[in-house]
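Peer 1: In this note's numbering, the protein residues as written are 60 to 215.
Given below as structure tokens:
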């Protein structure tokens, strides 16, 4: 007799009027790069660009300031942090073009990433402390700015 396949538990919606639970980042198996962490847009007029995204896409961007970064506008979209930073005062690697996005990956070992970049001859900045974690930044072969972030333990 063939065993019936186990049914997958379906996520439950919150009861009417109840708030959904606050999501928590899940630990995943350790890899050099774990997932996509953030999409950061660098703009000559960050405030106007944030207003555009609020008006056109309804993204509720809020003002944020962290150690090492100027005032910027951000909102978490699922597990991805979406933010618009001003071109002036951007920390880390200088941007080549104020409109170029920053692709940010997360890691559980930013030093291993920095060591691997160095071993492959990739010029990088960091790791630098940004308060919420340590970041190493570099440019890919097309000139895109890429960062890899190791969250501080209290942000897991």
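Where a beta carbon is used, it is the ideal one built from N, C-alpha and C, also for glycine.
How big is the Cα-Cα spacing for residue 140 and residue 177?
Peer 2: Distance between the alpha carbons of residue 140 and residue 177 is about 27 Å.
Peer 1: Please go through the same chain and pick out, in chain order, the residues whose beta-carbon is closer than 7 Å to the beta-carbon of residue 122, but skip the five residues on each side of it.
Peer 2: Closer than 7 Å at the Cβ level, and outside the excluded window around residue 122, lie 130, 132.
Peer 1: For residue 190, is the classification buried or exposed, using 16 other Cβ atoms within 10 angstroms of its Cβ as the cut-off for buried?
Peer 2: Looking at its Cβ environment, which holds fewer than 16 other Cβ atoms inside 10 Å, residue 190 is exposed.
Peer 1: Could you check whether the segment 109-120 touches the segment 186-202, counting it as contact only if at least three pairs of C-beta atoms, one from each stretch, sit closer than 8 Å?
Peer 2: Flag = no, the segment 109-120 and the segment 186-202 do not touch.
Peer 1: Please work out which residues of its chain come closer than 6 Å, Cβ to Cβ, to residue 80, disregarding the five sequence neighbours upstream and downstream, and give them in chain order.
Peer 2: Bear in mind that the predicted position of residue 80 carries a pLDDT of just 48, short of 50, making it too unreliable to give a figure here.
Peer 1: Tell me whether residue 199 sits in a helix, a strand or coil according to DSSP, three-state version.
Peer 2: Here residue 199 sits in coil by DSSP.
Peer 1: Residues in the same chain with beta-carbon distance under 7 Å from residue 167, minus the five sequence neighbours each way, listed in chain order, please.
Peer 2: Excluding positions up to five away in sequence, the list reads 89, 93, 209.
Peer 1: For residue 172, does the three-state DSSP call read helix, strand or coil?
Peer 2: Reduced to three states, the DSSP call for residue 172 is helix.
Peer 1: When the Cα of residue 200 is compared with those of 192, 180, 173, which residue comes out closest?
Peer 2: Checked all of 192, 180, 173; the closest Cα to residue 200 is 180.
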